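J.: Residue numbers (my numbering): 888 to 1073.
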């Protein structure tokens, strides 16, 4: 509870955001480090003035206007295995949802099928084909992911990257975005 009370006190103190942001420009590195401790509740390890100003400006605005939505944090967690653990834990603590995040609109983005799979994927057992550089590549949609050459991969994009050597959107690579006829249902 102490962390929430500290955040509330910081919000009240930071009522005049433009004035606070302007004050950062004239602060020395020790002053910025002290302010960092005040708004984040932990000391900074950085002594880079520009970095500290950016982090403090973000945090001041976050405290005054609110942080990321629970839905955005969930998406970041999904994509952000490379995020620092400390950041992820702080976001989880601050955004413990009172209610579950709203479900995405039908047909929008990455809806989940009834079995928890990505709804954009064809039914289980469907074989997708793609000819790339004269070689035909076949993948099969499985319950645990995408099967390619006997290996199970977590996404179409990871298979497309394996085939091409560069980052691709898997749905585009296998022609699923424009309603292609590359799918063969068993």
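No residue lacks a Cβ here, since even glycine has one placed at the ideal position from N, Cα and C.
For clarity, every value in this text was computed on a predicted model and none was experimentally measured.
Cα separation between residue 1063 and residue 948?
T.: Approximately 41 angstroms between the Cα atoms of the pair.
J.: Sorted by chain position, which residues of the same chain lie with C-beta nearer than 6 angstroms to residue 931's C-beta, five sequence neighbours on each side aside?
T.: The answer, listed in chain order, is 920 and 923.
J.: Which of helix, strand or coil does DSSP assign to residue 929?
T.: Correct three-state label for residue 929: coil.
J.: Report the three-state DSSP secondary structure of residue 1058 (helix, strand or coil).
T.: Of the three classes helix, strand and coil, the one that applies to residue 1058 here is helix, per DSSP.
J.: Counting along the chain, where does the beta strand (DSSP E) carrying residue 1080 start and finish?
T.: The requested residue 1080 is not part of the displayed model; the chain covers only 888 to 1073.
J.: Less than 8 angstroms between the CB atoms is what I'm expecting for residue 1058 and residue 1007, so what's the real figure, rounded?
T.: That pair is a contact at about 6 angstroms.
J.: Do you know how far the Cα of residue 909 is from the Cα of residue 918?
T.: One C-alpha to the other measures close to 14 angstroms.
J.: Would you kindly report the start and end of the unbroken alpha helix (DSSP H) that includes residue 1051?
T.: Residue 1051 -> alpha helix (DSSP H) spans 1043 to 1051.
J.: Assign residue 938 to buried or exposed, taking buried as 16 or more other Cβ atoms, counted over all protein chains shown, within 10 Å of its Cβ.
T.: Residue 938 should be labelled exposed.
J.: Hey, how far is the Cα of residue 943 from the Cα of residue 960?
T.: If you take the alpha carbons of residue 943 and residue 960, they lie about 20 angstroms apart.
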